[in-house]
Each structure stands twice: as C-alpha cells, then as structure tokens.
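Input: a single structure, listed below in structure tokens.
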Amino acid sequence: MRIAVGSDHRGVHLRVKLVELLDRLGQQVIDFGTDSQESVDYPDVAEVVARKVSSKEVDRGILICGTGLGMCIAANKVPGVRAAPCHDDLTAELSRRHNDLNVLCLSGDILGEKLVDRLVEIWLKTEFEGGRHLRRVEKIAALENGNGKA
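Each residue of the sequence shown is one higher than the one before, counting from 594 in the numbering used here.
Given below as structure tokens:
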C-alpha cells in the first residue's frame, strides 16, 4: 500500500516513529512532514497529503498535528477525502469498516507511541464492509459534489 504521511511541527516526533513502523510493515511511505520544531501551518501539509489521496497517487494518508483535529478539518476540504481523528481501537476499526476512511488523523500531543502503533496497524488491516455503508459513503460524495439531498 502507498501511504502519504505528513505532520506539522507538533507531530514531527511521532511522524518519524510512524514512518519507521510503516516501513517495517512493508508499506510504501511518501513523507511530507517538516523535520523541525519550527512552526509550520498544518493546512499546508494537510492539503498536500489530501490531494495525493484524492488523486489516487497514494492509497491512504496519515496526518499528525497537536490534536489531529486541525489536520482533519483541512483534509476534509479536498473532494474524495474522508479524514477523521482516531484515538482508540474502536474508532480506528470502525473508521475503516463503516466509513472507508482514507486519511487517518492523529494527535502528536495526546497519543502515546504504542497506542499510535496499534491504531495504525488496526486501521491498515481493516477492510471496508461496503453494503449499507457504501450507500452512506456515496451520499457523502454526493454532498461534496453539491448533489446531496437535505
């Protein structure tokens, strides 16, 4: 799987460890994060990763900022991206199984490395169920395209 990974300055330490984990798991990683603690704007990083996912240049993306929330908001502005912050085993699993999440957002400040490793492994191995969930994901895509029904 091709995975784009990005972080702002608050996620640098976690991103470096995450890239190592993904390499060990045999994933192809494209790294778009800063290597400095110097402040950068998370929307810029989120946009790069989200556009790679949207264009299908990569299969999935992982974004890391202080809380994971800012990256999530920014990434979801790109059509075709379904991004969400995950912070426990259940959200990591259901984000894939029910929502076909293609961008995982993580907190560099709140989550520990062992938990992040577990969340990423769950997220990578969990398949999308389709069925009634596909209908819902298609409705989300219709909203993005201005074709949703209120």
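Cβ coordinates follow ideal geometry from the N, Cα and C atoms, glycine included.
Compute the Euclidean distance between the alpha carbons of residue i and residue j, then round it to the nearest angstrom.
| i | j | result |
| --- | --- | --- |
| Val-646 | Val-598 | 11 Å |
| Gly-626 | Gln-620 | 17 Å |
| Val-674 | Ala-643 | 6 Å |
| Ser-629 | Gly-604 | 10 Å |
| Asn-692 | Arg-653 | 13 Å |
| Gly-659 | Ala-685 | 18 Å |
Give me the DSSP bridge partner(s) of residue i.
| i | result |
| --- | --- |
| Ala-676 | Val-696 |
| Arg-608 | Its beta-bridge partners do not exist; DSSP assigns none. |
Report the residue from the options whose alpha carbon sits nearest the alpha carbon of residue i.
| i | options | result |
| --- | --- | --- |
| Leu-624 | Gln-630, Ala-639 and Lys-670 | Checking the sequence shown, residue 624 turns out to be Asp, not Leu. Measuring from the Cα of Asp-624, the nearest candidate turns out to be Ala-639. |
| Leu-683 | Arg-729, Arg-728, Val-709 and Ala-667 | Val-709 |
| Leu-618 | Arg-595, Cys-679 and Pro-678 | Arg-595 |
| Arg-711 | His-602, Val-609, Ser-600 and Leu-614 | Leu-614 |
| Leu-656 | Cys-665, Ala-734 and Asn-738 | Cys-665 |
Who are the near neighbours of residue i in its chain, counting only those whose CB is closer than 6 Å to its CB and skipping five residues on each side?
| i | result |
| --- | --- |
| Thr-719 | Glu-686, Arg-689 and Arg-690 |
| Pro-636 | Ala-667 |
| Ala-676 | Cys-665, Ala-668, Asn-669, Val-696 and Cys-698 |
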